[in-house]
Amino acid sequence: MKVLIVGGGGREHALAWKAAQSKRVEQVFTAPGNAGTGLEQGVKNVDIGAEDIDGLLKFAVSNDIELTIVGPEAPLVAGIVDRFESARQTIFGPSAGA
79 MKVLIVGGGG REHALAWKAA QSKRVEQVFT APGNAGTGLE QGVKNVDIGA EDIDGLLKFA
139 VSNDIELTIV GPEAPLVAGI VDRFESARQT IFGPSAGA
């Protein structure tokens with residue numbers, strides 16, 4: 079499974095680190111990630127901002143991402159979950175209306 083973690087803080091670092099430990103996970107991508115996530119085995123930083131919903135969705139589709147996890151509040155408020163779900167992408171987080 080390929081996983082995309084949206085965000086670049088400590089919370090997202092912890093999520094990426096733990097996801098990379100799973101035997102079910104082939105690769106973890108963090109967007110944008112940080113210096114620490116870039117050092118983790120099985121984790122690759124992607125140069126896409128956490129609020130660039132179009133860019134994140136395009137990346138998820140073109141890289142066969144099976145699960146996206148959103149850390150920061152800003153993309154959640156901006157409707158990232160709604161956009162991903164409308165594109166039939168699996169994403170963990172509340173909708174903009176929640």
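Residue numbers (the working numbering): 79 to 176.
Glycine residues also receive a C-beta, built at the ideal position from the N, C-alpha and C atoms.
In the same chain as G86, and ignoring 5 residues on each side of it, the C-beta atoms closer than 6 Å to its own belong to P110, G111 and N112, in chain order. Using a Cβ distance threshold of 9 Å, Q119 and I143 do not count as a contacting pair.
If you check the CB distance, L154 and V124 do not come in under 9 Å. Exclusion of the five residues before and after G171 leaves V148, L154 and V159 as the residues of its chain whose Cβ lies within less than 6 Å of its Cβ. Beta-bridge annotation (DSSP): N123 is paired with T108. Here K96 carries a helix assignment [DSSP, helix/strand/coil]. For K80, DSSP records a beta bridge to Q105.
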